[in-house]
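Take 5 as the starting number for the sequence shown in the numbering used here and just add one per residue. Where a beta carbon is used, it is the ideal one built from N, C-alpha and C, also for glycine. Notes to accompany the following structure.
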Amino acid sequence: MIVDRQGRRFRNLRISLTSACNYACTYCVPDGKRLVAAQNELSADAMARGVEYLIEAAGIERLRITGGEPLVSPRLERFMEQVGRMGLSDISLTTNAQLLARKLPILLDAGIGRINVSLDTLDPSAFRSIARGGDLATVLDGMEQARASGMRIKVNMVPLRGSNLDQVMPLLDYCLERGYELRFIELMRMGYLATDHHGFLQQFVSLDQLLALIGEHYGYQQADAPVDATAVRYRIPGKGHFGVIANESVPFCRTCSRLRLSSSGWLHGCLSSSNRHYVGDLLDKPRHQALPALQRLLIKALDDKQAVAFSGGATVMKIIGG
Ligand code: SAM
Numbered sequence: 005m006i007v008d009r010q011g012r013r014f015r016n017l018r019i020s021l022t023s024a025c026n027y028a029c030t031y032c033v034p035d036g037k038r039l040v041a042a043q044n045e046l047s048a049d050a051m052a053r054g055v056e057y058l059i060e061a062a063g064i065e066r067l068r069i070t071g072g073e074p075l076v077s078p079r080l081e082r083f084m085e086q087v088g089r090m091g092l093s094d095i096s097l098t099t100n101a102q103l104l105a106r107k108l109p110i111l112l113d114a115g116i117g118r119i120n121v122s123l124d125t126l127d128p129s130a131f132r133s134i135a136r137g138g139d140l141a142t143v144l145d146g147m148e149q150a151r152a153s154g155m156r157i158k159v160n161m162v163p164l165r166g167s168n169l170d171q172v173m174p175l176l177d178y179c180l181e182r183g184y185e186l187r188f189i190e191l192m193r194m195g196y197l198a199t200d201h202h203g204f205l206q207q208f209v210s211l212d213q214l215l216a217l218i219g220e221h222y223g224y225q226q227a228d229a230p231v232d233a234t235a236v237r238y239r240i241p242g243k244g245h246f247g248v249i250a251n252e253s254v255p256f257c258r259t260c261s262r263l264r265l266s267s268s269g270w271l272h273g274c275l276s277s278s279n280r281h282y283v284g285d286l287l288d289k290p291r292h293q294a295l296p297a298l299q300r301l302l303i304k305a306l307d308d309k310q311a312v313a314f315s316g317g318a319t320v321m322k323i324i325g326g
């Protein structure tokens, strides 16, 4: 097993099935262009082999499928069929849920029991101006259908000053009423926000600011979370839980166990590092040739992790997989 000096190792793999997305969220895709895939995206079979090889070479236990928007990928069905059979202890998916109702049977057939849905507002007009694609009612209907089929749902919201702060309480109540766990994601200095400090600070909402806002309406207590969890979790007695992924306020690099594989075959050991390692060519090789080479690259990828705190990264989130 490959372990670094801080005792960290890769356990969780995030695979970006495509970098194409049917949204162009203002904080992620500043040029507003939707559905642009990276060149030379891997085939479903190569990606599935990537997962299989990384289970063996890195000790991956859990898989999250992300993007871009994974549900727009033509490779979804074939990829899901294969990873569903790999015996991973946990497979989940992050989606904007625009196509969720249509693709639900594929996810259920592959044994996906939980999903994260990104949703920044319940206001249809704010939805159009933040996501710049899709339709809010279709998202809510998709979530409802997933819930009815027994899936556990977490909702991810990025609170943005000047844009959706008025939606924190409506979204929290909406989620508490339906048993969805809402997780607020502190805005991260990714993509253009890595260099646009003014734009970042203008929009950024911290953990403390968020808790103060929620505290005006509800009492809450900190709840337990797994050691390598990214979210700080809170319990509102009698109502349910919410979480905050506080990259800036409570950095979690010390316990980070994440590894990312992009749709075009690059391994990323850290969101905050510009280093990446090409493995696309290894995925066509038989395992006895691929695994030793993969292990050498995994050592480099683990070394890319920050010691303590996230400091920003130029890679756009939709490429690297959020
Ligand atoms: N399309 C899928 C979705 O919408 O969930 C998966 C990919 S999307 C890049 C994953 C997550 O990254 C979304 O929840 C999105 O809000 C978040 N995200 C993108 N850019 C971000 C940033 N700069 N800071 C914080 N979260 C960001």
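Rounded Cβ spacing between residue i and residue j (contact assumed at less than 8 Å)
{"i": "LEU44", "j": "SER268", "result": "Here the sequence assigns Asn to residue 44, which means Leu is not the residue at that position. Yes, they are in contact, since the Cβ atoms of ASN44 and SER268 sit about 5 Å apart, within 8 Å."}
{"i": "LEU204", "j": "LEU197", "result": "It is Phe, not Leu, that sits at residue 204 in the sequence shown. Indeed they touch by this definition, with Cβ atoms about 5 Å apart."}
{"i": "ALA62", "j": "ILE6", "result": "6 Å"}
{"i": "LEU2", "j": "LEU46", "result": "Outside the modelled stretch of the chain, which goes from 5 to 326, sits residue 2, for which no answer is possible."}
{"i": "ARG132", "j": "GLU65", "result": "Not a contact, Cβ separation roughly 39 Å."}
{"i": "SER277", "j": "GLY219", "result": "Incorrect: roughly 36 Å between the Cβ atoms, too far for contact."}
{"i": "LEU211", "j": "GLU185", "result": "The pair is not a contact, with the Cβ atoms about 17 Å apart (cut-off 8 Å)."}
{"i": "GLN207", "j": "LEU275", "result": "Not a contact, Cβ separation roughly 18 Å."}
{"i": "LEU301", "j": "HIS272", "result": "Between HIS272 and LEU301 the Cβ distance is about 11 Å, and since that is not below 8 Å, they are no contact."}
{"i": "ALA305", "j": "LEU265", "result": "No, ALA305 and LEU265 are not in contact; Cβ-Cβ is about 10 Å, not under 8 Å."}
{"i": "GLY244", "j": "LEU180", "result": "5 Å"}
{"i": "ARG187", "j": "ASN160", "result": "5 Å"}
{"i": "TYR33", "j": "LYS309", "result": "Inspection of the sequence shows that residue 33 is occupied by Val rather than by Tyr. Wrong, their Cβ atoms sit about 26 Å apart, outside the cutoff."}
{"i": "GLY195", "j": "VAL320", "result": "4 Å"}
{"i": "ALA52", "j": "PHE83", "result": "6 Å"}
{"i": "ILE95", "j": "LEU67", "result": "5 Å"}
{"i": "ASP8", "j": "ASP307", "result": "7 Å"}
{"i": "ARG79", "j": "ALA48", "result": "4 Å"}
According to DSSP, residues forming a beta bridge with residue i
{"i": "TYR238", "result": "GLN226, PHE246"}
{"i": "ARG132", "result": "DSSP lists no partner for ARG132."}
{"i": "HIS272", "result": "ARG264"}
{"i": "GLY317", "result": "MET194"}
{"i": "VAL159", "result": "VAL121, LEU186"}
{"i": "SER20", "result": "THR70"}
{"i": "SER96", "result": "ARG68, ARG118"}
{"i": "HIS281", "result": "LEU271"}
Check: residue i C-beta below 7 Å from any heavy atom of the ligand FMN
{"i": "MET51", "result": "In the structure on display, the ligand FMN does not appear, and the ligands it does have are the ligand SAM."}
| said: Within 8 Å, do at least three Cβ pairs link the segment 229–238 to the segment 169–181? | reply: At 8 Å Cβ cutoff, the stretches do not touch.
| Inter-stretch contact at 8 Å, needing at least 3 Cβ pairs: the segment 55–71 / the segment 14–27 | yes
| said: As an exercise, report each continuous beta strand (DSSP E) stretch of at least 3 residues that is fully enclosed by the segment 172–208, in chain order. | reply: Note on the segment 172–208: whole beta strand (DSSP E) runs with a minimum of 3 residues are 185–189, in chain order.
| task | Please confirm if the segment 247–255 is in contact with the segment 296–314, defined as three or more CB-CB distances below 8 Å between the two stretches. | result | yes
| Within the chosen definition, does the segment 112–119 reach the segment 156–168 through at least 3 CB pairs nearer than 8 Å? | yes
| query | Are three or more beta carbon pairs between the segment 132–148 and the segment 89–108 nearer than 8 Å? | reply | yes
| Below 8 Å, can you find three or more Cβ-Cβ pairs linking the segment 81–89 to the segment 122–142? | no
| Are three or more beta carbon pairs between the segment 134–142 and the segment 28–35 nearer than 8 Å? | Yes, the segment 134–142 is in contact with the segment 28–35.
| For the 8 Å Cβ check, are there 3 or more pairs between the segment 283–298 and the segment 222–231? | no
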